[in-house]
Every structure is written in structure tokens, then in C-alpha cells.
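Number of protein chains: 2
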Amino acid sequence: MVIDKLIAQIKAKQNPCIVGIDPEWSKIPECYQSEGLSSPNAILQWARDVIDAVADIVPAIKPQMGFFEVFGAEGVRVHQEVVRYAHNKGLLVVDDSKRNDIGNTARAYAYAHLAKAGPINADFLTVSPFLGTDSIQPFVDVALRDGKGLFVLVKTSNPSSVEISEATNIHGERIRDWLANYVHTAGRHCTGQAGYASIGAVVGATFPQEAKQLREIMKNNFFLVPGFGAQGGSAKDIVDCFNDDGLGAIVSSSRGVLYHHLELTAYDGSREMYRQIVKKQAQEMQTSVYDALRLSCSRLSY
Amino acid sequence: MVIDKLIAQIKAKQNPCIVGIDPEWSKIPECYQSEGLSSPNAILQWARDVIDAVADIVPAIKPQMGFFEVFGAEGVRVHQEVVRYAHNKGLLVVDDSKRNDIGNTARAYAYAHLAKAGPINADFLTVSPFLGTDSIQPFVDVALRDGKGLFVLVKTSNPSSVEISEATNIHGERIRDWLANYVHTAGRHCTGQAGYASIGAVVGATFPQEAKQLREIMKNNFFLVPGFGAQGGSAKDIVDCFNDDGLGAIVSSSRGVLYHHLELTAYDGSREMYRQIVKKQAQEMQTSVYDALRLSCSRLSY
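Chains as they are written, first to last, in the working numbering: chain A, 1 to 302; chain B, 1001 to 1302.
Here it is in C-alpha cells:
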């Protein structure tokens, strides 16, 4: 089961932190842009360098589909190659595409992103729940069938997320709690050997109190926690997303790892130094989160 | 402004009905699958035939991204070619991708799907609002900048849509009404000569009473009404989505037009007869909706 593979990687690397692959053209070092490659192929070279730099440190990468779609079909081809490259390096892939639709269209998205026989074949996919549970079910079905995982948006890190996630449904439940219960129930059918489910939730690090409450409902579901660093969440904030065993969450950073070179006057513009900076940032994130977990988790399992 | 182009097409063709381009491989006539083309190129040939068959009848097509993503990067290339082909035939394109994200990722999706300089360059894009208004704004920004349009999911046609759309937010507003007010306000900045805004809402035909209420809030916004035919909405049901001038909505059908041949024992399996069936179905939809509007709209403007 994919959740057991994730847990094995987290334990082996003592790291629940993952790195986003968000190719923002204007922020990528110029050395990648000036090697005579087309933009999508320059992105691919950049992404491979990032993956090489972090492969021994993180359990997974999280490519952000929007930044690949900017380049049209060629960008989508590069996205597929990035997933394959990460798999070859032994990393898991969280496909952050936030897909959502109903019926056959939802089934099509689930096949495209998650199915073993599909073109992307990611390990986990983020899913947006606005259309309701009958729109999530086709993704759950493919995840169960092919041993893959999902992260359903429950409470995102942006300020406006309160507008819908804190609303109350016709049965008197808060949307985020109702979604959390849905995730918890759906996860019962895909619980791995470590006791955690392959279906989890996106929970932002910017709302630590809400994260704590959601943790209570989704005891054995993993949280995908975006927003570490750049979006305002600190290592202290994200601790409440974890269980006492130091599991139950993966924390994602993109800008803090990928684009730290922009803040360094010492950066010499080379690919080699860029890879070193990315590696150092990934290591610092590991240290900072792992230290915070060691302080707060009485039963840290790794 | 794109909404004026849409209205001009609706009036010229006396038709507010559009056709979905949902390439479900298992339902596409075998003649397309057996011409020695790769699957994505067979889809392209099929889509061109559908567009040729309906180009004189409908104002727009609505390609459903999920069915293209099934074929990976090649499918996305075909999607781009379908959009271009429809534009060359004078049709508008509603890109039904239900994208949603925050910040730079939302900006990336908006660029990829809607920007004039982007790879798809659709006229309208469907957007999912789960993450809140700060996640919709980047799409609004690109729409305003490039003279494009949006349809924000407000009340979809599936049974589970009640789970979130009928919830009540922390200010005591129903989510669907709050979203309708947001759409109405955002539309003030892109109102065309005919008095309608380029920013509208997805409202399912399966909830006619709710559609009537939403029409009151979004008087000068267009509704994209999916679910005609196959999803259970009839011509009578969809009338409440329109204003008294017969404008304010476009009605979409996919299966009823694209896959009617599967119900015809007389279908001979040829491309020519398939095109005839598609054309006839599109014409029948036009007649049925236009007749219903003539009966119910006292000030039908076309």
C-alpha cells in the first residue's frame, strides 16, 4: 500500500518534509534558460537537478500541475517525465493538480493522474471537494483499485479558505469537519500495515488550532501540509498536524527550497551552486521540522 | 468583450445550446478507432467531425479537459488543436477544466487556459471555488485583462452538490447565494454592450427552483447549464435559468449529441452517418430549447 511506502521513506530519511516542484519560469536560474533548450526542456533539466539534489533527503516530491500547463502539451509531457524521473530515483510523487468533476469526467481525471496504466501514474493526487462526495468517489475508486493515495482539500492555507471550509452544512456540521469525517471513513478501506490510511487531507499550516481539531477526527489519516516557510507556517505551527509518533503528516515547501538562490547575493549563477543551495535548504527544512518533532512527540517512531 | 460575441452568436443561430466535446474512447464510433491513427489523433479527427457537424448550429463548444488528459501530453495537444479548430470555424470555446488553486498556481492555470498568449487561449473557463475568493481572483484578473470570460461553479447538477452549495457560511449566507453575489459583483467590471457580464456561473438544470433564485441574484450574468438530456434536465426545467429576453444562459449537452448513435440500430458505422446523427441531435436540441423559450419568454430578443 502506498501509505506504507511513504512511511518507510519518512522513517529511513527521518524526514516528513517534501519538496514542491513549481517551475516558475521567472525565478528559475538563468543558467537553465540559456542552454539553448526549449522552455519545457529547460524546465525538465531544472527539475532533474532539483530531484537529484533532494533525492537522498526527502521522501517525495510534489509537482504543481499549473506551472506545467503554462507550457501547454509540452509542459504536460515534461510533467510526466518529472514523475518518471522521481520514481526512478526512488521518490514518491504527490501530483498536486486539485482535480474535481463528476461522473465519467472525474473517472477520466482519476485515470489520467493516478491509474497504474495511465499517463502520469502518480502515487498521490490532490482532489478538490466542491462538487460533493459523489465527485470524490471516482478518485477513491481508482486509488483503492490501484493501491494509490489521495489528499482531499479540507482546510487550505490561504486566508479565504474560511469562506467555505468554516461554513455549516444542512446537517449542522462544519464543512471541514464533515470532510474530515468523509476522509476518515474512506480511509478505512485502504489502511496499511502501519495503521495509516492512503486517503488523507490537505490541511494548511497557517491554522494550527483547526489542524489540531482535524487531527482528532482524522487520527490515522495523513495530512498534506503546504505553506511551510513562504506561506507563513513555521516548524512550531506544523507540529500540531502530526501525531505523537511523528507520523500522520507530510510538510511541503516550494519557494523556500527552490527559489532561495534569489535571496543570496553570493549565488554565482551556476547549476552546481544552485543544486547545493537546494540541497542545503532541503536539509535545513528537515532539521528544523525533525527538531520540532523531537521536542513535541513523546513517541517519535523514527 | 467575449460575452457580446457569445450573445451575437446566440442571436444569429437562434440557439443558446452548446455541445460538449467529451471524447470517451469506448463510445466513439469504431470507424475513428480503426483508421490507423494513434488514439489522440483519432480523437482529433472525431472532434473535427463533430465541430464540422455543429458549427452552423451552435454558438460554442465545451471541451471537457478530463477526457483529453486521459491520453497524457498527446491528449492535451489534441485539446489545444480542438480549440484552434473551433476558433477557425468561428465558434467560441468554453474550456471546462474546473481549475482551482491559490496565488501563483492559480495565476499559472489562468494563463495556461485563458490568456491570449497562452497555449489554449479559450474564451471561457470553468473555475471551482472551494479555496475561496482569493483563489478565484487570479482567474478574474486574467479574464479582465484579456477580455475573456469565466463560469464559476455555484450549483452543479449532481445530487451531492447540495453538500457544500447549500451550506451556510459564517455570515449566515448560503454558499450558493454568497458565490452568486461574488459572481455578480465581479461581473460589474466586465459588462458588455448587451448588458451582460463576461463572468458567469455554472448552475445545474436539475435544480430548477434554486436556478430561479440564483437568476434573481445574477440578473445580468450568464449561467452555464450542464446536464441537458443525459443528466436529467429537460427543456422545461432549464427555462428558469434564462431571463425573459431568452438570454443569460447557455445550455450544454454532451452524451445526447455525441453518443446518440449508440442507441440507433440503424447506424451503419460510417463517419458520414455519424456526422448526420450529431447534426440532427444538435438541431433537435436547438428546436426543443428554442420552442420552450418562445413559450416562456415574453421579450425573446432573437
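Built from N, CA and C at the ideal position, the CB exists for glycine as well.
Spatially closest choice to residue i from the options, by CA coordinates
| i | options | result |
| --- | --- | --- |
| L1262(B) | A1012(B), D1004(B), E1024(B) | E1024(B) |
| V202(A) | T156(A), L6(A), I120(A), A282(A) | T156(A) |
| M218(A) | K280(A), K236(A), F151(A), G172(A) | F151(A) |
| R215(A) | A249(A), G172(A), N104(A), N88(A) | A249(A) |
| R1255(B) | F1139(B), A1292(B), S1026(B), G1075(B) | S1026(B) |
| K98(A) | L258(A), V154(A), L300(A) | V154(A) |
| G204(A) | R188(A), D240(A), T185(A) | D240(A) |
| D237(A) | F228(A), D245(A), D244(A), N243(A) | F228(A) |
| D1096(B) | V1058(B), L1179(B), D1022(B), Q1276(B) | D1022(B) |
| V1225(B) | G1020(B), V1002(B), Q1009(B) | G1020(B) |
| W46(A) | K62(A), I61(A), P29(A) | P29(A) |
| E1210(B) | R1176(B), H1189(B), N1221(B), T1191(B) | R1176(B) |
| G999(B) | S1298(B), V1257(B), F1223(B), K1011(B) | The structure shown does not extend to residue 999(B), since chain B spans only 1001 to 1302, so no value can be given for it. |
| T1185(B) | N1221(B), S1038(B), S1160(B), A1266(B) | N1221(B) |
| E1272(B) | C1031(B), S1253(B), Y1182(B) | C1031(B) |
| C297(A) | D244(A), L44(A), S39(A), S252(A) | D244(A) |
| V1278(B) | V1257(B), T1265(B), S1270(B) | V1257(B) |
| A303(A) | N158(A), A108(A), K11(A) | Since the first and last residues shown for chain A are 1 and 302, residue 303(A) lies out of range. |
| C17(A) | A60(A), G118(A), R48(A), Q33(A) | A60(A) |
| S1252(B) | R1275(B), M1001(B), A1266(B), V1289(B) | V1289(B) |
| V1008(B) | D1134(B), G1187(B), A1106(B), G1246(B) | One point to set straight first is that residue 1008(B) is Ala, not Val, in the sequence displayed. Cα-wise, what sits closest to A1008(B) is G1246(B). |
| G103(A) | A266(A), V78(A), V140(A) | V140(A) |
| T105(A) | Y85(A), L295(A), L131(A) | L131(A) |
| D49(A) | R275(A), L295(A), A292(A), R294(A) | R275(A) |
| T287(A) | Q14(A), L92(A), P138(A) | Q14(A) |
| A235(A) | H260(A), Q213(A), Y259(A), P208(A) | P208(A) |
| W1178(B) | H1189(B), Q1213(B), P1159(B) | Q1213(B) |
Where residue i falls: helix, strand or coil (DSSP)
| i | result |
| --- | --- |
| S1234(B) | coil |
| D96(A) | strand |
| R1155(B) | In the sequence as displayed, the identity of residue 1155(B) is Lys instead of Arg. K1155(B) falls in the strand class under three-state DSSP. |
| L37(A) | coil |
| G1070(B) | Note that residue 1070(B) corresponds to Val in the displayed sequence, not to Gly. In the structure shown, V1070(B) sits in coil (DSSP, three-state: anything other than H, G, I, E or B). |
| L258(A) | helix |
| T1133(B) | helix |
| Q193(A) | coil |
| S1165(B) | helix |
| V1050(B) | helix |
| C1031(B) | helix |
| G1204(B) | coil |
| S288(A) | helix |
| S1160(B) | helix |
| R299(A) | coil |
| I1018(B) | strand |
| I1217(B) | helix |
| S1026(B) | helix |
| I1102(B) | coil |
| G175(A) | Gly is not the amino acid found at residue 175(A); the sequence shown has Ile there. Looking at I175(A) - three-state DSSP - the assignment turns out to be helix. |
| N1121(B) | coil |
| G1269(B) | coil |
| M1065(B) | helix |
| A55(A) | coil |
| I1170(B) | coil |
| A1008(B) | helix |
Residues bridged to residue i (per DSSP)
| i | result |
| --- | --- |
| Q283(A) | According to DSSP, which records beta bridges pairwise, Q283(A) is partnered with nothing at all. |
| F222(A) | F222(A) pairs with nothing; no bridge assigned. |
| C1311(B) | For residue 1311(B) there is no data in the structure shown, the boundaries of chain B being 1001 and 1302. |
| T1126(B) | F1151(B) |
| A1249(B) | F1223(B) |
| A60(A) | L92(A) |
| P199(A) | One detail in the question is off: residue 199(A) reads as Ile in this sequence, not Pro. Answer is L150(A). |
Exercise. What are the residues of the segment 1053-1079 of chain B that lie near chain A, defined by any Cβ-Cβ distance shorter than 9 angstroms?
Worked result: From the segment 1053-1079 of chain B, only Q1064, M1065, G1066, F1067, F1068, E1069, V1070, F1071, G1072, A1073, E1074, G1075, V1076, R1077, V1078, H1079 have a Cβ closer than 9 angstroms to chain A.
Exercise. Should the segment 1103-1114 of chain B be regarded as contacting the segment 66-76 of chain A, the criterion being three or more beta carbon pairs within less than 8 angstroms?
Worked result: Short answer: they touch.
Problem set entry | Three-pair Cβ contact test at 8 angstroms for the segment 1153-1169 of chain B versus the segment 1186-1196 of chain B | In short, these stretches do not touch, since the Cβ pair count stays below three.
Exercise. Going along the chain, which residues of the segment 1145-1158 of chain B sit with their C-beta nearer than 7 angstroms to a C-beta in chain A?
Worked result: Taking 7 angstroms as the Cβ-Cβ cut-off against chain A, the residues of the segment 1145-1158 of chain B that qualify are L1153, T1156, N1158.
Problem set entry | Contacting positions in the segment 250-265 of chain A - beta carbon closer than 8 angstroms to chain B | Result list empty, no residue passes.
Exercise. Are the segment 122-138 of chain A and the segment 1119-1127 of chain B in contact at 8 angstroms, needing three or more beta carbon pairs?
Worked result: No: the two stretches stay apart, fewer than three of their Cβ pairs being nearer than 8 angstroms.
Exercise. Per the contact definition of three or more C-beta pairs closer than 8 angstroms, is the segment 271-284 of chain A in contact with the segment 52-61 of chain A?
Worked result: By the C-beta criterion, the segment 52-61 of chain A is judged to be in contact with the segment 271-284 of chain A, since at least 3 inter-stretch pairs fall below 8 angstroms.
Exercise. Using a Cβ cut-off of 8 angstroms, which residues of the segment 1210-1221 of chain B contact any Cβ in chain A, in chain order?
Worked result: Within the segment 1210-1221 of chain B, no residue qualifies.
For this session: Note down, in chain order, all residues in the segment 111-137 of chain A with a beta-carbon under 8 angstroms from any beta-carbon belonging to chain B.
Result: Taking 8 angstroms as the upper bound on Cβ-Cβ separation, chain B lies near residues Y111, A112, H113, G118, P119, I120, S128, P129, F130, L131, G132, T133, D134, S135 of the segment 111-137 of chain A.
For this session: For the segment 191-212 of chain A, enumerate the residues whose C-beta is nearer than 9 angstroms to any C-beta of chain B, in chain order.
Result: Answer set for the segment 191-212 of chain A: empty.
Exercise. Taking a cut of 7 angstroms between CB atoms, which residues from the segment 165-191 of chain A lie near chain B?
Worked result: Listed by position, the residues of the segment 165-191 of chain A near chain B (Cβ gap below 7 angstroms) are E166, A167, T168, N169, I170, I175.
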